[in-house]
Amino acid sequence: MDGTYGSKRPDRQLAVVIGAGGMGAAVARRLSHGHRVLVADIDAKRAESLAGQLTEEGGDVESVACDVTRPDSVDALAGVVRERGGFRVLAHVAGLSPVAEDFGLILRVNLTGPALVARALLPLAGPGAAAVLVSSLAGHGFTPAPGVEALLREPHDPRMAERVAAETPEENRSGALAYQISKCGLLSLVRREARAWGERGARIVSLSPGLIATPMGAVEFEHSPTKRGLLTRTPLARQGTMLEIADAVEFLASERASFISGTDLLVDGGLAATLAEA
Ligand SMILES: NC(=O)c1ccc[n+]([C@@H]2O[C@H](COP(=O)([O-])OP(=O)(O)OC[C@H]3O[C@@H](n4cnc5c(N)ncnc54)[C@H](O)[C@@H]3O)[C@@H](O)[C@H]2O)c1
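In the numbering used here, the protein residues as written are 7 to 284.
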């Protein structure tokens, strides 16, 4: 597709979507119905192909490569957002699943990444802006070890992941534990950042999906009997869909959620409630 295809919509405000994977694509598609969209992913080709597809569907969608774990890359993303005049919605969807197995990398992508992105974009938040950071059910009902909890309060620190690893006995350093720690850290990041975002008249929330039918989710089902067990305990007795996540992100980002900040929305078919009662 050449650069002249599609329509520019300067009348619309910007939504920045980090992550062009399964859920990120569903969220970007939904937000493209009412916003200009900038899609960012470490996989430049994936982001570009999604932007091309959504442009063909009538959206005003651009892409940019960004590795959320690298401050220089996140600053470059902020530079693009600044050039576009700031943003109204930030949806941070990118993340690594426990299957990635690299303890430090999971912590950096799932926690340092959104922390860096939220900090870099906050000064560019327009009136009524909202940030929605995708966490997980896995971050609920989990308490990190006290030494780890203290380190999670400094998620921007480039050595945070290394330090958490050092606090964790080697035999426990699994992808699953890194995932729980990272997503739990994200829930508390949102609670801590609500004041700074509020000072700009902006909101920050997290959204915790339960079992969602995505390509990432499918790989996890293959590898994890625990996950298959969780499906049988989900009160709605099915996986959620990416459309249901897009619905929830759209709501949280909208004016209808204008007094919701510093909190989390579980979109899990009731699973966390069942687990908490067990
Ligand atoms: N699928 C589920 O069942 C489920 C459940 C709970 C939470 N989640 C969360 O939902 C989010 C999205 O899941 P998905 O199914 O769309 O995953 P996905 O694997 O389809 O997409 C993730 C995207 O993140 C990108 N990414 C990875 N590292 C990056 C980096 N350093 N910088 C920028 N981008 C990077 C990948 O290139 C990929 O495009 C994740 O945060 C995940 O933890 C998923």
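Yeah, the Cβ is synthetic: ideal placement off N, Cα and C, and Gly gets one too.
Reference V80; option with closest CA among A202, K233, A243, A121: A121
Looking only at C-alpha atoms, which of E283, L236, H41, E89 sits nearest to D274? L236
Do the CB positions of G12 and T75 come within less than 8 Å of each other? no
Measure the alpha-carbon distance for D270 versus L117 and round it to whole angstroms. 15 Å
Residue interval of the beta strand (DSSP E) (run including V45): 42-47
Length of the line joining the Cα atoms of L143 and V86: 32 Å
On a Cα-Cα basis, can you pick out the residue from A151, G216, D253, A254 that is closest to R244? G216
Between F109, A131, I112, which lies nearest to W203 when the distance is taken from Cα to Cα? A131
Mind checking whether the beta-carbon of P164 lies closer than 7 Å to any heavy atom of ligand 1? no
Who does L213 pair with in a DSSP beta bridge? V140, L271
Determine the DSSP secondary structure at L242, reduced to helix, strand or coil. coil
Have a look at L183, V123, E155 and flag the residue whose alpha-carbon is nearest the alpha-carbon of H162. V123
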